[in-house]
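Listed in order, the protein sequences are those of chains A and B. Take any residue in the first sequence, count from 1 to its spot, add 1334: that is its number in this note's numbering. Take any residue in the second sequence, count from 1 to its spot, add 624: that is its number in this note's numbering.
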Amino acid sequence: MAKGEEYMEMYDAKMIKDGENHHLELNIKTATLQISMTEDLPNEIKAAFNQLILRLKIEHFNFNLGDVDTVLFSQIAKEYIDQLNKELTTIHTELAHHKLLLDPVKAE
Amino acid sequence: MREQNAANMKIDVHVHTKKTKQGDAETRDIEPKQFVEMIAGTDVKIVAITNHNVFDYTQYAAIISEAGQDIQVWPGVELDVLEGERRAHLLVIISPQKALLLSDIMTKIVSGKTPDTFSISIEDVITNFDHLNPIYIAHYHQKKPNLLDESIEKLVSGTKYRVRVIKEVTNSISAGIYISHGHQSIFGSDIQDWDKYSDIARDLPDLRLPVESYEHFCLLLDKNLNAINTVLDKKKTDTISLRPFEDDTELDLKVYNDINILFGSKGTGKTKILNAIAKYYRDKGISADVFETGAEKLGANYDLKGKMFSIDLNTHGIDYCTIEVDAVKTATEKDITNPSSYIQFFSTETKNRNAKKIKIQNFATENLQLFERNFSSINSTHKKVSEFLGFIRSDKTLRENISTEKIGALEASLVAVIGDLDGIRQNRYVELKINQLFNSLIAAVKREISRKTGAPERPATTGFQNYALNRIGIELSARKIYSNLKKEINIPNEYVGNLGQKGDLFCKTDVVFQDGYVSDGSLAPKSMVTKNPQKSFSRKMEEIISCLYETNLFEKISELNSIESAELIKSLYELLLFKRYFVLDDKPYSPSNGEISMLLLHKELSEDKDVYILDEPEKSLGNDYINDTIVPLIKDKAKIGKKIFIATHNANVAVRTLPYNSIYRVHRSDGYDTFVGNPFSNNLINIRDRTDTLDWKNISMKTLEGGKEAFGERGRIYGDV
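So this is what it looks like as structure tokens:
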């Protein structure tokens, strides 16, 4: 890591197939979050987003997407994670700007 | 004769400038130059040198030479008087014009003796000194060694100047009491140590009338009408025409810019006259109201109910949080992008080759928040520096007091800074606009491709960013509200007055925010919002903070808006609670009726007015408070030329203030009469018939205290003061 560059944690993201259903599994340090990709469940997504915000207060992180077996969901997952990673970074910057970051040692 | 104003004019009839007897302290020795400097450093304008059995003319002449016109120095001597076996002290003070004669007499009578062995009889005092037209001041009662009453009587009987025999007592309290019992009393410093003179001088007697010379002082003692009227006439007067009574009778009164006492039995129209005086001055545009005491007035004066009490939270470092309260109340959830949007887009293969070539549709949009913030911060700094430059260029005071070169250098620096800021500002503005255009371009391209090809639009965002920014915004607002709610508000105590030995009374104002946990029932809401909604609102705000990143956040916000009167809570001001109360030693205290009277009167006299009109200020007050606090305050007002009108039945007020003007109202068989006079001339003259006169002292005693017996009774009560 270059001098002055902020450390960023990388967590795993997987596309899970369960029969006809696919969902993204986001593994952050304290929880495993699920976002259905085949069904619109806004409240489930918002609950996951809330967890992501709370984690961002503790550390800056992005997701690494693992292999996805189907072409369609591979494209969707890649697009989704790419956008999400960019937005996670933006929000971490905002949290830092507003002094809403938590001390990692105390927060964990 | 010198012109002097009686304001802060003190007299010291008893000082020593040298140790003459073995028992004298060496600290009584003082050189002429130091003596004059010491006196000049105080309010003492008249001083009598009275060393033990010695008059040192050489020293006196040196002092006179040093003193110039500012201080009157009267020659005198403190004699050891021997009456039978009893030794006592008697001051003999004479005119400065006869100082040399005094020196000769003292040389002659002390010849062959020392100040320690010298003594003189009352008869010899009269024989040797009476032709010098002296003032005799005898040590009396507690002032040791004192002359007995029979010795003083012998002196009074033998001298040609009976009214010039004065009793010297130990302090102002004793003097006041003896004076009110009809004794001519005074006290001097009898200085033992000149290093302590400045402190001692503060308690020396004030002269009510300006005294221009020793001879003038004697005339005033003699109650010489011409001398008194000449002094009184120097004070500013008005003749006021009043119609105080129902029958429209006109009452013309000459009133002084000093103390004007109105006395007489109850029912003689004193209050009506005071009201007419107040109206007279009000009609002239001068603020004037009749002061009356009353227990209920103190609470109203200090606004205990808080009707007039207002508070600016900003001055206490507290934000009203108007924007934040509104932001939380009107917050709504931000939608996220549903996964179906992604499935739809990626499931639909765009056939259009040209559309596929447009790579811009695949670009991610930029976070504008950052660029907006960057531009806003530089813009704000630029504005502040520019305003400062404008101030530097326009401020007259700066230009009048700072050199042109320095101002020029400062301007040049600021111009350079603004130039740099301008450059940065332009760059940031360009950055912001580029990114706004970039995002608009991506959105427009996507929209057009979708429109032309019929394929779904490519999702630009998961929705996480907007969702999170919305929640962060709510958190910022809620936390700002909460942190301000927890701030303390300290209102300085308001001084109400002194309650003697109990200490100072203050009016305390407690102001707190209802943060959800305040349960003090004595606190009242500052606004229209009542206490329960205040409490519910703050509790709910706390709940909101606890679930900022929970799915039920907006249920809590909805509950907040459902609270009764929530629509009236627009800022933290609506959550204020307060109470005002009196404290003594920082503990709540309810003053008694007497104390309330003391405080109200003290407050009235503390206010700066041209005219004070007091109706029976002594009501519910103890004589100690009247003597020690109120009388000096009234005298102070008189010294600076304020008009004071007091209707009173109290001798301490009517006599001890030594009013320039006493107005006596009396009902006689042929109707009401008004007399005017003063204690200096000791007479009262009927304003309708100048031949009809009364004795001021007798009338005062009779009317104010119920007769001379009452005065005598008081004397016995006070005993050996």
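Where a beta carbon is used, it is the ideal one built from N, C-alpha and C, also for glycine.
- Close partners of Ala1381/A in chain B (Cβ separation under 9 Å): Glu1174 and Thr1175.
- For Ala1430/A, there is no enclosing beta strand (DSSP E); the residue is part of the alpha helix (DSSP H) that begins and ends at Val1405 to His1431.
- With fewer than 16 other CB atoms across the displayed protein chains lying within 10 angstroms of its CB, Arg1017/B is exposed.
- Residue contact with chain A for Tyr1091/B: present (Cβ-Cβ distance below 8 Å to some residue of chain A).
- With respect to Ile960/B, Ile1379/A sits close: the two C-beta atoms are nearer than 8 Å.
- Gly1140/B is not a Cβ neighbour of Ala951/B, given a cutoff of 8 Å.
- Under the Cβ distance rule, Gln993/B counts among the residues neighbouring chain A, one pair being separated by less than 8 Å.
- A Cβ-Cβ distance of about 11 Å is found for the pair Ala712/B and Leu779/B, leaving them out of contact under the 8 Å criterion.
- Per the coordinates, the alpha-carbon of Asp1346/A lies some 20 Å from the alpha-carbon of Leu1406/A.
- Fully contained in the segment 629-663 of chain B is no alpha helix (DSSP H) run of length 4 or more.
- In the structure shown, the three-state DSSP call for Thr1085/B is coil.
- Here Asn884/B is buried. Its C-beta has 16 or more other C-beta atoms within 10 Å.
- Pairing Tyr764/B with Leu724/B gives a Cβ-Cβ distance that is not under 8 Å.
- DSSP places Phe887/B in the uninterrupted beta strand (DSSP E) bounded by Ile883 to Gly888.
- Nearest to Asp1401/A by alpha-carbon distance, out of Leu1358/A, Glu1343/A, Glu1421/A and Leu1422/A, is Leu1358/A.
- Counting along the chain, Val1277/B sits inside the alpha helix (DSSP H) bounded by residues Ala1275 to Ala1278.
- According to the DSSP assignment, Phe1395/A belongs to the beta strand (DSSP E) that extends over Phe1395 to Leu1399.
- Taken in chain order, the unbroken stretches of beta strand (DSSP E) that lie wholly in the segment 827-873 of chain B and span 3 residues or more are 861-866.
- His755/B and Arg826/B have their C-alpha atoms some 34 Å from each other.
- Judged by their CB atoms, Gly1265/B and Asn881/B are nearer to each other than the 8 Å cut-off.
- Between Trp818/B and Thr1272/B, the alpha-carbon positions lie close to 42 Å from each other.
- A Cβ-Cβ distance of about 6 Å is found for the pair Asn1419/A and Phe1397/A, placing them in contact under the 8 Å criterion.
- Among the CB atoms of chain A, one or more fall inside 8 Å of the CB of Pro963/B.
- By the criterion of a C-beta distance shorter than 6 Å, Leu843/B is surrounded in its chain by Ala851, once the five residues flanking it on both sides are discounted.
- Those residues of the segment 1347-1378 of chain A placed with their C-beta closer than 8 Å to a C-beta in chain B are Ile1369, Ser1370, Met1371, Thr1372, Glu1373, Asp1374, Pro1376 and Asn1377, ordered along the chain.
- Nearest CB-CB separation between Thr1427/A and chain B: below the 8 Å threshold.
- With a 10 Å radius around the Cβ and a threshold of 16 neighbouring Cβ atoms, Asp1234/B comes out exposed.
- Val1153/B sits in coil when the DSSP states are folded into three classes, being neither helix nor strand.
- Residues of the same chain with a CB within less than 8 Å of the CB of Ala1411/A, apart from the 5 flanking positions on each side, are Ala1347, Met1349, Leu1358, Met1371, Leu1399 and Val1402 in chain order.
- Exclusion of the five residues before and after Ala691/B leaves Val660 and Val697 as the residues of its chain whose Cβ lies within less than 7 Å of its Cβ.
- Note: Glu1343/A is bridge-paired with Phe1395/A in the DSSP secondary-structure output.
- Nearest C-alpha to Val734/B among Glu702/B, Ile717/B, Thr1253/B and Gly665/B: Glu702/B.
- Looking only at Gln1409/A, Thr1364/A and Lys1351/A, the smallest Cα-Cα distance to Pro1438/A is reached by Thr1364/A.
- Contact check for Asn1310/B against Asp1316/B passes: the beta carbons are separated by less than 8 Å.
- What Glu1099/B touches in chain A, judged by beta-carbon distance under 9 Å, is His1432 and Leu1434, going in chain order.
- Within the segment 1114-1189 of chain B, complete alpha helix (DSSP H) segments of at least 4 residues are found at 1155-1170 and 1177-1186, given in chain order.
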